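Undergrad: Under the working numbering, the residues of the sequence shown are numbered 5 to 233, in order.
The structure's right below; bear with me while I get my questions together.
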Amino acid sequence: LIDLSNMPYRDILVDHKRVHIGSIATYNDVVRVLSYENPDHILVTSLSQAGSTPLRNRFTVGGGIAAFPVWSDLMGPLLALEADVTLVSPTEEKTIPLARYADDSSHRQQTLVTAVAFDKKKWHSAYHRETRTVVDYPAFTITVLADIKDDTIQEIRMVLVGTSSKYTRLNQLESELTGLPVSGLAETGISLPEDVTFPNRKHGSGSYLKEVATVALNRKLTELSGGPA
């Protein structure tokens, strides 16, 4: 057993450009610190719903990244934030995009996650976790971040966690929505691409979960538009 509690990896630092989170910071640590900066931050929204209070006091950011369970309330927001992860190995320390770490298992061999960081930016955000009960693990989660100026979508990012490929970034839909008036999101009627699939789970069949995800995504977009979600 290795005790990491005295290692300098629990700090959460927020400056005018970046947010840096140490790997042994707990979910509740993140919620507490980021709530002072922005109570509506996507990580505050997502992690405050992850498990029970005792579990949020034990779940660590580094553990959540390294394990990346399909029911993660951490990875969707971090992937949408286009976070970078810092890794140490017996031979080097390196920082790479979190998406690359998630996609390529070779980065997880003989490495330890020490930190994650992302740009400090005020996003409009929406988050959905599909569960049967409040304390249930989600069948999937949806993260939506939008940069809105003068009622126009300057940039939008959408990530599903829990798909057949573990997670899916909806790049095509992001391109289609960029530049549109945000007020029109409630009328867009998004359909998930054919290549986005879900495995059968205890929550329902893959085809059923895709229908549910489509409805949930449209509701989140309506929520961002200011309409009734």
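From the three backbone atoms N, C-alpha and C, an ideal C-beta is built for every residue, glycine too.
Here the structure is a predicted model, which is why all the values come from computation and not from measurement.
Identify the residues that DSSP records as bridge partners of F122: which are they?
TA: V23
Undergrad: When you compare only the Cα positions, how much space is there between V120 and T226?
TA: 31 Å
Undergrad: Among all the DSSP beta bridges, which residues are the ones paired with H132?
TA: Secondary-structure assignment with DSSP links H132 through a beta bridge to I146.
Undergrad: Between the alpha carbons of A233 and L221, how many angstroms are there, rounded?
TA: Here A233 scores only 41 on pLDDT, less than 50, and its place in the model should not be relied on; the value that follows carries that caveat. Taking the straight line joining both Cα atoms gives about 10 Å.
Undergrad: Which residue marks the beginning of the alpha helix (DSSP H) containing M79, and which one marks its end?
TA: First-last of the alpha helix (DSSP H) with M79: 79-84.
Undergrad: Rounded to whole angstroms, what's the CA-CA distance from T246 to E180? Just pull it up for me.
TA: What is shown of the chain runs 5 to 233, which leaves residue 246 out entirely.
Undergrad: Measuring alpha carbon to alpha carbon, tell me which of L164, D154, V138, S52 ends up nearest V186.
TA: Out of L164, D154, V138, S52, the CA that lies nearest to the CA of V186 is found in D154.
Undergrad: Quick one: using the 10 Å Cβ neighbour count with 16 as the cut-off for buried, is M79 buried or exposed?
TA: buried
Undergrad: Note down the Cα distance separating T147 from W127, rounded to an integer number of angstroms.
TA: Roughly 12 Å between the two C-alpha positions.
Undergrad: Between the Cα of E178 and the Cα atoms of P43, L164, S169, Q53, which residue gives the shortest distance?
TA: L164
Undergrad: Give the DSSP-derived three-state secondary structure of Q158 in the structure shown.
TA: strand
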